[in-house]
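Using this note's numbering, read the sequence shown as starting at 11 and increasing by one per residue.
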Amino acid sequence: TNSTNQIKAIEPPLAAIKEAHAKADAISKQIAGDAELSEAAAKLKSAVDKREAAKAAEQKTLAVHQAAVKDNQQKIAQYTPQIKQTTDALNAAKTKVAELQKTLKPATDKATASQNAANAAAAALTAAQNEVKRWQAEIEFSKQFNNAQASTAK
């Protein structure tokens with residue numbers, strides 16, 4: 011990661027700068043009063059402090075990222091069985107849908123044939139009912155005609 015690379019980049023020069031600071035600090039203490047050596051030691055100390063602060067910040071960032079990675083790995087481990095179960099259920103449902111689709115056309119064809127037969131039966135019933143009504147009307151007419159003839163014959 012970026013933080014790991016930053017830490018690796020900071021560590022080698024940091025060790026050398028720390029060593030140089032320690033030597034410069036020791037020499038400046040031996041030759042007390044040498045302003046140039048004291049200033050050089052202070053600059054080296056400042057460089058060491060900056061590098062150590064940068065390294066600490068990167069280590070903190072790295073720790074946060076590593077914790078996030080660990081958390082995500084735990085979540086992945088937690089959800090993997092659920093994902094598998096869901097995938098298995100989805101595949102089973104797809105199989106069931108495929109099976110049902112195979113039976114859908116024959117069932118639809120049977121339903122259409124049954125509907126056509128019912129429509130034909132309804133049409134035949136309507137025709138028969140119309141015939142019954144016609145014959146009832148004929149019978150009624152015949153009765154009235156016979157009654158009218160019987161009345162005129164008397």
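Where is the CB? At the ideal position from N, CA and C, for every residue including glycine.
For the alpha helix (DSSP H) that residue i lies in, which residues bound it at each end?
i, result
"I86", "45 to 163"
For residue i, name the three-state secondary structure that DSSP assigns.
i, result
"A42", "coil"
In its own chain, which residues sit with a C-beta less than 8 Å from the C-beta of residue i, not counting the 5 before and 5 after it?
i, result
"L24", "V58, R61, E62, K65"
"R144", "none"
Less than 6 Å between C-beta atoms, sequence neighbours within five positions excluded: which residues of the same chain meet that for residue i?
i, result
"A51", "A34, D35, S38"
"Q16", "E68"
"W112", "Looking at the sequence provided, one finds Lys at residue 112 rather than Trp. The answer is none, since no qualifying residue turns up."
Between the options, which has its C-alpha nearest residue i's C-alpha?
i, options, result
"A26", "N82, Q16, K55", "K55"
"T14", "V74, K53, A121, T162", "V74"
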